[in-house]
Amino acid sequence: MKRALAAIGTLSLMALVAAQSTEDLVLSYQRNFVRSSLSIKLDLLKEAAVNEAADMSPLYLMSIDFCLENAILLQNDVQLRELAVYSIARLHKAKQSAAAAKLWALFQVFRDAYVRVPLLSALADLASGNAQIILNLNSFLFNQNTIKQAGVEPDIATVEACVTALGKLESGTSYPVLFAVYSSGYPESLTKRAAEALSLLKGDYKGYLIEVIRKNPPIDKASALRAAMENPRFTEADKAEVAEASLDMSLGFSSEISGEAGLNREIRYRAVRELTQRSWSRASELAVRNFTMAYREFSSGEGSKAAILEAIACLEAMKTTEAAQTLTLHLQLLNAETDGGKTADEQIAMAVIHNLGLLGDKAAFDHLLFVSYLPYSESIKGAARDALKKLKL
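Note that our numbering numbers the sequence shown so that position 353 is 521, with each residue one more than the last.
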């Protein structure tokens, strides 16, 4: 027993000596750092890094303090910049979260991407959950977006690093500034990076995009719709909900600002295509309203035939009674006009008849049957016969 206690005592003493010698080693490097010239300081840090057993973080923090104290006078000095970058890298590797505040202070005094990019990379890992640092990064990115809107191109490398950092930090408070990057006309690589960062944030991203669609100008609405459709993390239902909100808002939109009406129409057209692709029957009432608007626009020369054909396809994709009734009423109108001597548009008539067949609603029977008695082309009459065979009688 005595031998065992003695052994334990010896081990404790050895651990104490080792701890003391580690502290002494760090202090020794710190003293030498203070005494050495700028040209030697970086070599000293690299030498200290070889001692893997010792935590040299206090030395690297001292180096950061030195950089902060001398940044105003020596900011463009190559050796000081190298010292800052190396210190950042060592604190990053050591996972020194407590250094985040000092690193942010360093970010404010060094303006070049050479220092800021690795610094932001470090903050992305060290500032997790640090609300103040995240707020600071959000503010920085907001200012960069403001500068860009004023016609001055910000440093793209730094903006990209900030976007990446905010994505890793995952705070929902970053939605507005990251979305602003996504929708502000930055280079495509940065736009994609912003999209990736947005998809990583915690919170209701889909809800945020729908809020943008409901409240923001058309240019932001278009970006929000595009962001949803391109988001690999969204389900088909998520994408359909955003498309539904886009169609809803575009149908009720009006503006006297030049160009906004055209952009809103493009949003509507894309929303229709996305809903058609997903057969989102919840949007059936909106699909009916869109068809009415598309036909009115085409008749007045404002809209295109393609928009009507897409509107017809969207009605069929809804698979609802009201969609079938809408197409049936339109076929009734086409029949009346044809009976009165007006020549029907071949493509539109064919689309209406074909999609009525796909819907299979028996309410269309009489109107499809009447087609064969009217002066339509043989192609339209043949399509009507095929559609009749598909009705659920």
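Where is the CB? At the ideal position from N, CA and C, for every residue including glycine.
Would you grab the beta carbon distance between residue i and residue j for me? Rounded to a whole angstrom, and I think it's under 8 angstroms.
i	j	result
Ser-391	Tyr-354	At roughly 12 angstroms, the Cβ-Cβ gap does not stay under 8 angstroms, so Ser-391 and Tyr-354 are not in contact.
Val-380	Phe-347	7 angstroms
Ile-521	Ile-548	7 angstroms
Ser-414	Leu-431	The Cβ separation is near 12 angstroms, so there is no contact.
Glu-484	Leu-527	6 angstroms
Ile-240	Val-277	7 angstroms
Ala-512	Leu-502	5 angstroms
Gln-317	Ser-352	7 angstroms
Lys-374	Val-410	6 angstroms
Glu-328	Leu-368	Their Cβ separation, rounded to whole angstroms, is 15 angstroms, which puts Glu-328 and Leu-368 out of contact at 8 angstroms.
Leu-212	Ser-204	6 angstroms
Measure from the C-beta of residue i to each C-beta in chain C and report whether the shortest distance is under 8 angstroms.
i	result
Ala-392	The displayed structure is made up of one protein chain only, and chain C is not part of it.
DSSP on residue i, reduced to helix/strand/coil?
i	result
Trp-448	coil
Lys-383	helix
Phe-466	helix
Ile-425	coil
Tyr-544	coil
Thr-460	helix
Gly-471	coil
Glu-478	helix
Gly-430	helix
Thr-403	coil
Lys-560	coil
Ala-363	helix
Thr-190	helix
Asp-372	coil
Thr-489	helix
Gly-550	helix
Ala-555	helix
Please work out which residues of its chain come closer than 7 angstroms, Cβ to Cβ, to residue i, disregarding the five sequence neighbours upstream and downstream, and give them in chain order.
i	result
Ala-519	Leu-477 and Ile-480
Tyr-463	Ile-476
Arg-457	Leu-419
Asn-311	none
Ala-292	Thr-332, Ala-333, Lys-336 and Leu-337
Cys-330	Leu-288, Leu-305, Phe-308 and Leu-309
Arg-441	Glu-478
Tyr-437	Ala-475 and Glu-478
Asp-507	Leu-542
Ala-325	Ala-281 and Val-285
Ala-222	Thr-190, Leu-193 and Val-194
Ala-552	Ile-521, Leu-536, Val-539 and Ser-540
Asn-313	Val-345, Ala-348, Val-349 and Ser-352
Ile-435	Pro-386, Lys-389, Ala-390, Leu-393, Ser-414 and Ser-418
Only counting the same chain, and skipping five residues up and downstream in sequence, which positions put a Cβ closer than 6 angstroms to that of residue i?
i	result
Arg-562	Residue 562 is absent from the structure shown; the chain starts at 169 and stops at 561.
Leu-524	Leu-495, Ala-532 and Ala-555
Ser-180	Per-residue confidence for Ser-180 stands at a pLDDT of 40, beneath the threshold of 50, marking its modelled position as unreliable; the derived number appears in the next sentence. Cβ neighbours of Ser-180 beyond the five flanking positions: none.
Leu-366	Leu-346
Tyr-228	Ser-255, Arg-258 and Leu-259
Ser-197	Note that residue 197 is Tyr in the sequence shown here, rather than Ser. The answer, listed in chain order, is Ala-216 and Leu-227.
Asp-323	Ala-281
Glu-428	Pro-386
Asp-406	Lys-374
Short of 8 angstroms in beta carbon distance, which residues of its chain neighbour residue i, apart from the five on each side in sequence? Order them along the chain.
i	result
Lys-370	Glu-338, Ser-339 and Gly-340
Glu-412	Ala-439, Leu-443, Trp-448, Arg-450, Ala-451 and Leu-454
Ser-545	Glu-514
Ser-265	Leu-294, Ala-295, Ser-296 and Asn-298
Ile-232	Ala-252, Ser-255, Ile-256, Leu-259, Ala-267, Lys-270, Leu-271 and Leu-274
Leu-210	Gln-247, Glu-250, Leu-251 and Tyr-254
Glu-398	Ala-363
Lys-530	Leu-559, Lys-560 and Leu-561
Ala-183	Reliability fails at Ala-183, whose pLDDT of 40 lies under 50, so the model's placement of it is uncertain and no value is given.
Lys-473	Phe-466, Asp-513, Gln-515 and Ile-516
Tyr-343	Leu-366, Leu-369, Gly-371, Tyr-373 and Tyr-376
Lys-557	Gly-525
Does any heavy atom of the ligand ADP sit closer than 7 angstroms to the C-beta of residue i?
i	result
Leu-454	No copy of the ligand ADP appears in this structure; indeed no ligand is present at all.
* In chain order, which continuous runs of the alpha helix (DSSP H) of length 4 or greater are located wholly inside the stretch 244-298? -> Entirely contained in the stretch 244-298, the alpha helix (DSSP H) runs reaching 4 residues are, in chain order, 246-261, 268-277 and 281-294.
* Which ranges does the alpha helix (DSSP H) cover as unbroken runs of at least 4 residues, wholly within the stretch 289-359, from first to last along the chain? -> Fully enclosed alpha helix (DSSP H) runs of 4 or longer: 299-317, 324-337 and 343-350.
* **Any alpha helix (DSSP H) of 4 or more consecutive residues that is wholly inside the stretch 192-234** => Note on the stretch 192-234: whole alpha helix (DSSP H) runs with a minimum of 4 residues are 206-217, in chain order.
* **Unbroken stretches of the alpha helix (DSSP H), 4 residues or longer, contained in the stretch 493-534** => Runs of the alpha helix (DSSP H) lying entirely within the stretch 493-534 and spanning at least 4 residues, in chain order: 514-527.
* Is there contact here, the stretch 416-436 with the stretch 385-401, by at least three beta-carbon pairs under 8 angstroms? -> Contact holds: three or more Cβ-Cβ distances are below 8 angstroms.
* Asked: Three or more beta-carbon pairs under 8 angstroms between the stretch 256-264 and the stretch 212-231, yes or no?
  -> Enough Cβ pairs lie closer than 8 angstroms, so yes.
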